[in-house]
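**Student:** Per the numbering used here, residue 1 is the first one in the sequence shown, and the count goes up by one each step.
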Amino acid sequence: MHETENSQEKWSEIIKPKRNLLDFHFKEIWRYRDLLILLVRRDFVATFKQTILGPLWHIINPVFSTITFTIIFANVAGISTDGVPAPIFYYTGNMIWGYFSRCIQSTSGVFTGNQAIFSKVYFPRMIMPLSTIVTSFIAFLIQMVILIVMWIYYYNQGANIHLSAWAFMIPVMCLIMGFLGLSLGIIISSVTTKYRDLSMFVGFGIQLLMYCTPVIYPVSFVPEQYRFLLLLNPLAPVVEGFKYSILGVGTFDANMMFYSVGVTVFLLFIGLILFNKVEQNFIDTV
């Protein structure tokens, strides 16, 4: 009788190991969207808990970086900003780069940083890196308020800035930066479950990549014969295009933007495959 009752039990959820690396379970991620919202709220609150200035730190960091860059690169080194006031030029670059670097840094430790909760509770593991991307975007929006204030101030002062016709592409460029950071982050996170040395390289690698991206200088600063090497970096067209959309200086190359999208999609595909593979047995590895 007991065996008959057990055989007739109906389960609402059946958890089994993944065997198909191309099974990304996007519908399941959508079902757990409430958990995503809770994790975003947790990350945002936990970051500024027991701090005096709270979310203002999202503004203080790029402002101080902007002041430093203005003194060193504009005043001392004399690097061109294409006729744009140095503070708003560097703040724009710092803001968009900060968004990307937060995305990659926060997702690069998903497996090693959440080992305890992953071993006890089931939910789509991709929820974790996605929540960090959303949290980073909220910080980006806070910083955007300061950029708008600076833009209005310098525009009224007669500075050589204006919104370009490509300003409508700003949300698309933000998505590219976010998903590129997510892609690289989950690739690094997947590899570091076995090779911890790579995690030591992340900070240095991001810093090096910044100097290979037109954050503190415009593309026009690079000699023309070497410019194609700079644009091989998928971040370069996005950063340059963002500056062009906001400030009206520089270039916006639609073909190079498609190149950035293509590289992002490719890396995201590779990242999801690696993430699925590591997810199956990372508890035994970490």
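Built from N, CA and C at the ideal position, the CB exists for glycine as well. Note that this is a predicted model, so its numbers are computed, not measured.
1. With DSSP collapsed to three states, give me the class of K194.
2. Starting from the Cα of R31, find the closest Cα among S136, I127, M256 and N94 and give me that residue.
3. If you run the structure through DSSP and keep just helix, strand and coil, what is E5?
4. Going straight from the alpha carbon of Y91 to that of K120, what length do you get?
5. Is it a yes or a no for the segment 242-249 touching the segment 262-278, going by three-plus beta-carbon pairs under 8 Å?
6. What residue ranges within the segment 251-286 form continuous alpha helix (DSSP H) runs of no fewer than 4 residues, ordered along the chain?
7. Leaving out five residues on either side along the sequence, give the residues of the same chain with a beta carbon under 8 Å from the beta carbon of P237.
8. Have a look at H25, G98 and A139 and flag the residue whose alpha-carbon is nearest the alpha-carbon of V40.
9. Go ahead and pull the three-state DSSP assignment for T213.
10. Is any non-hydrogen atom of the ligand GTP found closer than 7 Å to the C-beta of K243, if you look at the structure I gave you?
11. How big is the Cα-Cα spacing for V45 and L38?
12. Can you tell me whether Y217 is buried or exposed, with buried defined as 16 or more other CB within 10 angstroms of its CB?
13. Give a yes or no on whether the C-beta atoms belonging to W151 and I67 are separated by under 8 Å.
14. Give the secondary structure of G98 by DSSP, where H, G and I count as helix, E and B as strand, and everything else as coil.
15. Just mark Q143 as buried or exposed, buried being the case when its beta carbon has 16 or more other beta carbons within 10 Å.
16. Taking all protein chains shown into account, decide if V84 is buried (16 or more other Cβ within 10 angstroms of its Cβ) or exposed.
17. Cα separation between I270 and G185?
18. Measuring alpha carbon to alpha carbon, tell me which of S131, L209, W166 and T112 ends up nearest G290.
19. Cβ of M95 within 8 Å of Cβ of L180?
20. How long is the line joining the alpha carbons of P171 and V202, rounded to whole angstroms?
**Tutor:** Short version:
1. Of the three classes helix, strand and coil, the one that applies to K194 here is coil, per DSSP.
2. Among S136, I127, M256 and N94, the Cα nearest to that of R31 belongs to I127.
3. Residue confidence for E5 is low, a pLDDT of 48 falling below 50, so the modelled location carries little weight; the figure read from the coordinates is stated next. It is helical.
4. Approximately 43 Å between the Cα atoms of the pair.
5. Pairwise C-beta distances place the segment 242-249 out of contact with the segment 262-278, as fewer than three of them are shorter than 8 Å.
6. Runs of the alpha helix (DSSP H) inside the segment 251-286: 254-279.
7. Hits under 8 Å: L231, D253, M256, M257, Y259 and S260.
8. If we check each option's Cα against that of V40, A139 comes out closest.
9. If DSSP states are grouped into helix, strand and coil, T213 belongs with coil.
10. The ligand GTP is absent from the structure shown, which contains no ligands of any kind.
11. Going by the C-alpha atoms only, they are around 11 Å apart.
12. That one is buried.
13. Not closer than 8 Å, so no.
14. Three-state DSSP puts G98 in a helix.
15. When all chains shown are included, Q143 counts as buried.
16. Classification for V84: buried.
17. When only Cα atoms are considered, I270 and G185 end up about 12 Å apart.
18. Outside the shown range of the chain, which is 1 to 286, sits residue 290, and nothing can be said about it.
19. No Cβ-Cβ contact shorter than 8 Å links M95 with L180.
20. One Cα belongs to P171, the other to V202, and the distance between them is close to 27 Å.
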